[in-house]
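Report on the following structure.
Protein chains: 2
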Amino acid sequence: MINISQEDYLTAIFRNLDDAGEIKPNLLASKLEISNAAVTDMLRKLSRDGFVDYQKYKSIKLTSEGEGYAKNMLRRHRIWEVFLHQTLGMPWDKVHDEAEKLEHSSSDEIINLLEEFLDYPEVDPHGYPIPDKNGKMKKSKTVIAITELNENDSAKVIRVNDDVKNLLSYVTKIGIALGKVILIKDKLEYDGSVLIKIENKEINLSNKIASNIFVEKIKQVMR
Amino acid sequence: MINISQEDYLTAIFRNLDDAGEIKPNLLASKLEISNAAVTDMLRKLSRDGFVDYQKYKSIKLTSEGEGYAKNMLRRHRIWEVFLHQTLGMPWDKVHDEAEKLEHSSSDEIINLLEEFLDYPEVDPHGYPIPDKNGKMKKSKTVIAITELNENDSAKVIRVNDDVKNLLSYVTKIGIALGKVILIKDKLEYDGSVLIKIENKEINLSNKIASNIFVEKIKQVMR
DNA sequence: TAATATATTTAAGCATACTTAAATACATAA
DNA sequence: TTATGTATTTAAGTATGCTTAAATATATTA
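Residue numbers (the numbering used here), protein chains in the order written: chain A, 1 to 223; chain B, 1001 to 1223.
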């Protein structure tokens, strides 16, 4: 039987897979804020239990069973977030941490009832899609990170990474929220930061921040 | 910092205190379904952390801090139960086990928001009172166990113990629910069971069951 | 009061999930 | 290709919360 720790590992793995669908132990350790040794330890157990494909010194892949668990945790997490934000009125920068705990303590039955109560939401309060009972996610709009925009591009904020510490509260403080429109004023080569304009304020976003805010480009009006 | 296990112990202690406000390790072990040795172990930790008054071979008492935690857990538990039953429509015989998990994973903030959302319910789906933020419970009606009724007494069901395994589903099956009226047909001395009439059916309740269903006596109409 | 039964504690051991320190493998750059 | 740095694993150790078996204290009954 899977336990809370394993659920956390699988979720962290899934959230941080690279383009090849893999992740290195080192990155996993840093995401979970534990030692590399602890990761090695747990990988042996996850492998033994059939949740990951793992061989010494190699990158980690999820088995389809592991991926199933991970997606289900994401589903639980995001449905709880919607409930907390939408029904209970909890601010969007607080729901992640709360959902992190609730996701381990709720049966699929509760989650399904909640989903129905919430009228089948498609995204969580940060713009991330919610997997359905079968792990399918609705193909979402093509979004790109702010760092991928060019000077003079306009874009609408669609998604903000809720898994980066303090990002949401910072982002809220400077006036960014889902649906807000931004304009790229400048891109600074030397540190990868981006100067944006939002509601008549100009703000410099560090590369780390800009790369975790996802937007939909607004077509330029010819004139 | 208190952990889930400790929360479970404190809750179990509080739920099962005798008239003197004490409980023996043996009873605690059987309620938690673990060995006496494990209880001894944990009591030392709870005592070290200031949650219980404990001396070797003596009965256990809660400190006021321990009692505070216990009451808070009861509050969380019962508010979750109301939510699950009332908002999500989960049957009353299933909400206990689910709440048992959720109670450990929710901040006071969530509980307070939930309480407000539910419009400050006074009792859980099994008729138990919900402590307020300060641990105060509204003085509830005087209820007695069915075993304390006499032949020909009529009574209304006010409360059913949700902490006894399978009791609720059994009780539901035989047609007992909060608000239902029963009539005592007979009390059998030799095994302490009670013969009741409910909705024209006559049912024999074992002593264990009858002692866990609480009622309010209905005044006899003279005729 | 002494014998017996029951409750409680102690002791030794196990699994989990971590830690740090040391050993080893792998990757990169001269 | 070798040297160096980084990633990964192994080893040893810790706290938690259990277990069973044995020892001891307390309660009950003859």
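Using N, Cα and C, we set each Cβ at its ideal position, and we do this for glycine too. Just so you know, these numbers come straight off a predicted model, no measurement behind them.
(message) Using a 10 Å radius around the Cβ and a threshold of 16 neighbouring Cβ atoms, would you call ARG159 (chain A) buried or exposed?
(response) Locating residue 159 (chain A) in the first sequence gives position 159, where the first residue counts as 1. Flag for ARG159 (chain A) reads buried.
(message) Taking the alpha carbon of GLU1067 (chain B) as the reference point, which residue from B:ASP1008, B:VAL1143 and B:SER1106 has its own alpha carbon closest?
(response) Here residue 1067 (chain B) refers to the residue found at position 67 when the second sequence is read from its first residue. If we check each option's Cα against that of GLU1067 (chain B), B:ASP1008 comes out closest.
(request) Assign ARG1048 (chain B) to one of two classes, buried (16 or more other C-beta atoms within 10 Å of its C-beta) or exposed (fewer than that). (result) Counted from its first residue, the second sequence places residue 1048 (chain B) at position 48. Exposed, by the Cβ-count rule.
(request) Just confirm the distance between the C-beta atoms of LEU84 (chain A) and GLU98 (chain A), as a whole number of angstroms; I'd bet it's less than 8 Å. (result) In the first sequence, counting from the first residue as 1, residue 84 (chain A) sits at position 84. In the first sequence, counting from the first residue as 1, residue 98 (chain A) sits at position 98. Confirmed, about 6 Å.
(message) Does any residue of chain A have a CB that is nearer than 8 Å to the CB of LYS1101 (chain B)?
(response) Indexing the second sequence from 1 puts residue 1101 (chain B) at position 101. With 8 Å as the cut-off, LYS1101 (chain B) counts as an interface residue toward chain A.
(message) Using 8 Å as the threshold, is the C-beta distance between LEU1114 (chain B) and LEU1062 (chain B) below it?
(response) Here residue 1114 (chain B) is taken as the residue at index 114 of the second sequence, counted from 1. Here residue 1062 (chain B) is taken as the residue at index 62 of the second sequence, counted from 1. Not closer than 8 Å, so no.
(message) Considering just the uninterrupted stretch of the beta strand (DSSP E) at PHE214 (chain A), what are its terminal residues?
(response) By one-based count along the first sequence, residue 214 (chain A) stands at place 214. Here the beta strand (DSSP E) through PHE214 (chain A) covers 213-218.
(message) Against chain B, does THR11 (chain A) count as a neighbour if the rule is that its beta carbon must be under 8 Å from one of theirs?
(response) In the first sequence, residue 11 (chain A) corresponds to position 11, counting from 1. Chain B, which has no Cβ nearer than 8 Å to the Cβ of THR11 (chain A), makes this no.
(message) If we define contact as Cβ-Cβ less than 8 Å, is THR1226 (chain B) a contact residue for chain A?
(response) No information on residue 1226 (chain B) is available, as it lies outside the stretch 1001 to 1223 that chain B covers here.
(request) Assuming GLU1100 (chain B) contacts HIS1077 (chain B) (C-beta within less than 8 Å), just tell me the rounded distance between them. (result) By 1-based counting over the second sequence, the position of residue 1100 (chain B) is 100. By 1-based counting over the second sequence, the position of residue 1077 (chain B) is 77. GLU1100 (chain B) to HIS1077 (chain B), Cβ: 7 Å. Contact.
(message) Below 8 Å on C-beta distance, what does GLY1089 (chain B) contact in chain A?
(response) Here residue 1089 (chain B) corresponds to residue number 89 of the second sequence, with the count starting at 1. Chain A residues near GLY1089 (chain B): LEU113.
(request) Kindly identify the DSSP beta-bridge partner or partners of PRO950 (chain B). (result) Because chain B is modelled from 1001 through 1223, residue 950 (chain B) falls outside the range shown and cannot be assessed.
(request) Have a look at LYS187 (chain A) and SER193 (chain A) and give me their C-alpha separation to the nearest angstrom. (result) Position 187 of the first sequence holds residue 187 (chain A). Position 193 of the first sequence holds residue 193 (chain A). C-alpha separation (whole angstroms): 6 Å.
(message) Can you check which of these residues, B:LYS1208, B:SER1059 and B:SER1005, is closest to LYS1165 (chain B) by C-alpha distance?
(response) Reading the second sequence from its first residue, position 165 is the one you call residue 1165 (chain B). Selected option, being the one with the closest Cα: B:LYS1208.
(message) Please report the distance separating the alpha-carbon of ASP64 (chain A) from that of PHE51 (chain A).
(response) In the first sequence, counting from the first residue as 1, residue 64 (chain A) sits at position 64. In the first sequence, counting from the first residue as 1, residue 51 (chain A) sits at position 51. Checking the sequence shown, residue 64 (chain A) turns out to be Ser, not Asp. Near 8 Å, if we compare the C-alpha coordinates of PHE51 (chain A) and SER64 (chain A).
(request) Would you mind telling me which residues of chain B sit closer than 8 Å to GLU202 (chain A), beta carbon to beta carbon, in chain order? (result) In the first sequence, residue 202 (chain A) corresponds to position 202, counting from 1. Under the 8 Å cutoff, chain B gives no residues; its nearest Cβ is about 35 Å from GLU202 (chain A).
(request) Please report the residue range of the alpha helix (DSSP H) in which ASN207 (chain A) lies. (result) Against the first sequence, residue 207 (chain A) aligns to sequence position 207. Start and end: 207-210.
(message) Between which two residues does the alpha helix (DSSP H) holding SER5 (chain A) run?
(response) The residue given as residue 5 (chain A) occupies position 5 in the first sequence. 4-15 is the span of the alpha helix (DSSP H), which, as asked, contains SER5 (chain A).
(request) Whole angstroms is fine: what's the gap from LEU1178 (chain B)'s alpha carbon to VAL1171 (chain B)'s? (result) Numbered from 1 along the second sequence, position 178 holds the residue referred to as residue 1178 (chain B). Numbered from 1 along the second sequence, position 171 holds the residue referred to as residue 1171 (chain B). Taking the straight line joining both Cα atoms gives about 11 Å.
(message) Assuming VAL95 (chain A) is part of the alpha helix (DSSP H), what are its boundary residues?
(response) The residue given as residue 95 (chain A) occupies position 95 in the first sequence. Unbroken alpha helix (DSSP H) run through VAL95 (chain A): 95-102.
(message) Which residue marks the beginning of the alpha helix (DSSP H) containing ALA155 (chain A), and which one marks its end?
(response) One-based indexing of the first sequence puts residue 155 (chain A) at position 155. Not the alpha helix (DSSP H): ALA155 (chain A) falls in the beta strand (DSSP E), residues 154-160.
(request) Inspect the CB distances between the segment 26-46 of chain A and the segment 84-96 of chain A and report whether three or more fall short of 8 Å. (result) no
(message) Using only the alpha-carbon positions, how far apart do ASN134 (chain A) and ASN72 (chain A) sit?
(response) For the purposes of this step, residue 134 (chain A) is identified with residue 134 of the first sequence, where counting begins at 1. For the purposes of this step, residue 72 (chain A) is identified with residue 72 of the first sequence, where counting begins at 1. Cα-Cα distance, rounded: 8 Å.
(request) Could you check which residue in A:SER106, A:SER206, A:ALA38 and A:ARG15 has the C-alpha nearest to that of ASN26 (chain A)? (result) Numbered from its first residue, the first sequence carries residue 26 (chain A) at position 26. Ranking the options by Cα distance to ASN26 (chain A), first place goes to A:ALA38.
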